[in-house]
Amino acid sequence: MDAWGNFWQKGHSTTFGEYYADGYTRGYINNWWREVLAGSSSPLTVLEVGCGNASLLPALFESSLEGHYVGVDAAEVALSDAVKKRDNGSFSVELVGKQGIEVAQLPREEYDIIASVYGLEYSNIDESIPRLRALTPTGRVELLVHHNGSIITKMSEKALGEFDFIVMAIVVQALVDIDICLNEYQGDPSRLPQSAKAVAAREVVNDEVSKIMNVEPEARNPILVDFVTQVLLYFKHIRDDAKSRKQRINSILPDFEASKERFRQMVDVAQDEAGAEAICEQFRQAGFAEVHKQSLEHEGAPVAWAITAKAL
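Just so you know, we're using the UniProt record's numbering here: the sequence shown kicks off at 1 and counts up by one.
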C-alpha cells in the first residue's frame, strides 16, 4: 500500500490526522475556505484535488450552500466519520479514488470551484494543471500549496530525523517472540511468566519503552512516543484472537515506514517563492487568467502559498 493510502485507510479526515480530526472546519484553512466560498451561490459544483477522505466537505456542509462535490485522489479514499456525521444532504458527493488528477475520469465536465489543500503539488504539475481547465466560464482554481518556511515543513524535516527503525525492529521482534509463546499457551496470557523466552522478550520491551519515556516530556522523541503507543496497544488487546494479534504486530513497522515517507514527500513538495511563482507561470502557460499567489500566514508565520487562477 502506498504511503498515503495507508494513512487514509485509517479514517483520517485531513493530512494532519488528529490535529484536524473534524476536517478543515476551524483554523486558518477554514478561514481561507470561507473566503473562497464567499459570494458563491447555489447550486455550486466543487472539485477537490488530492481530497484525501473529503477534507473540505465538512465545511461545505456547514455553509449555507448546496450543490455537488467531487473529490479526486491518487490514493484509495473513502468518506471519513467526520464527513459522515456532518452530512446534511446539502451536497451530493462523489469520490474518485486511486486516480491522480492527471488521469482521473472526472464525472463532470465543468466546476465552479476547483480546490486543493496541500494536494496538487504531489501530482505531476505538467500534466495536472491543464486538467484544471474544467471550469465554468466564471469558475476559478483555489489552492493552498506547501510553503518551505511553514511550521508544517519544519516539523516534517524534524520528524525525518526521529525515526529509529533499529529500536523499532528490536521491540517488534520482542512482541513476535511474546506472541509465539502466547500461541503455545493457547492464548492465555496468565501463563506467559512460565516461559523464559516470553519473560526475556517482555524485559526487552520494558527496557526500550523506559529509555523512550523516562525522560523529561520536552526531551521525548515524538515519533518513538507514538511507536510506544502502538506497542502498548498489543498488550491492551493481548486477549484478542491469534490472527488479530499477528496483524497488529505486522502492521507496526509498515505504518511507521509509510509515515516517514509521507514526511519526506511533504518536505520535497514544499515551495519557496520562486517555486510558487513557477507554478503560477505554468497556470498562465496552460491558458488561465488572473493568476496570483500570496504567502498565507497564521500567527505571524507562513503556512502556505495561496494560489488562485480563473478561467480564461
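Cβ coordinates follow ideal geometry from the N, Cα and C atoms, glycine included.
For clarity, every value in this text was computed on a predicted model and none was experimentally measured.
Contacts around residue i, its chain only, beta-carbon distance under 8 Å, and the 5 residues preceding and following it disregarded
i, result
"residue 318", "Residue 318 cannot be examined here, being either before or after the span of the chain that is shown, 1 to 312."
"Val96", "Val70, Gly71, Val72, Asp73, Ala104, Gln105, Leu106, Pro107"
"Val171", "Val204, Val205, Glu208, Val209, Phe227, Val231"
"Asn148", "Ala270, Gln271, Asp272, Gly275"
"Arg133", "Ala286, Gly287, Phe288, Ala311"
"Gly139", "Glu110, Tyr111, Asp112, Ile113, Ile114, Lys310, Ala311"
Residue range of the alpha helix (DSSP H) that includes residue i
i, result
"Pro254", "242-269"
"Ala278", "273-285"
"Tyr28", "27-37"
"Tyr69", "Careful: Tyr69 lies outside any alpha helix (DSSP H), inside the beta strand (DSSP E) at 67-72."
"Leu44", "Where Leu44 is concerned, there is no enclosing alpha helix (DSSP H), although the beta strand (DSSP E) it sits in stretches over 44-49."
"Ile223", "222-236"
"Gln173", "165-184"
"Ala82", "81-86"
"residue 313", "Here the chain has residues from 1 to 312 only, and residue 313 is not among them."
"Ser210", "196-213"
Reduced DSSP secondary structure (H/G/I, E/B, other) of residue i
i, result
"Pro302", "strand"
"Gln294", "strand"
"Leu135", "strand"
"Ala75", "coil"
"residue 338", "Outside the displayed span of the chain (1 to 312) sits residue 338, for which this structure offers no information."
"Pro130", "helix"
"Tyr122", "helix"
"Arg191", "helix"
"Ser40", "coil"
"Ser156", "helix"
"Pro217", "helix"
"Glu62", "helix"
DSSP beta-bridge partners of residue i
i, result
"Arg140", "Ile113, Lys310"
"Glu94", "Val70"
"His147", "Gln271"
"residue 313", "No answer is possible for residue 313: the residues shown for the chain start at 1 and end at 312."
6 Å Cβ shell around residue i - same chain, five flanking residues per side excluded
i, result
"Ile238", "Pro189"
"Leu143", "Ser116, Leu120, Ile307"
"Asp22", "Summary for Asp22: the model assigns pLDDT 42, below 50, so the residue's position carries little reliability, and this model does not support an answer."
"Asn183", "Ala242"
"Ser92", "His68"
"Val46", "Tyr69, Ile113"
"His292", "Thr308"
"Ile152", "none"
Other residues of its chain near residue i: CB distance less than 7 Å, five sequence neighbours each side excluded
i, result
"Ile129", "Gln282, Phe283, Ala286"
"Pro137", "Ala311"
"Lys197", "Asp177, Cys181"
Residue i: CB within 7 Å of a non-hydrogen atom of the ligand NAD
i, result
"Phe288", "Ligands in the displayed structure: none, and consequently the ligand NAD is not present."
The region 115-127 / the region 43-58 touching (three or more Cβ pairs under 8 Å): yes
Cβ contact check for the region 64-71 and the region 107-118: 3 or more pairs under 8 Å: yes
Contact between the region 263-280 and the region 190-203 (3+ Cβ pairs under 8 Å): no
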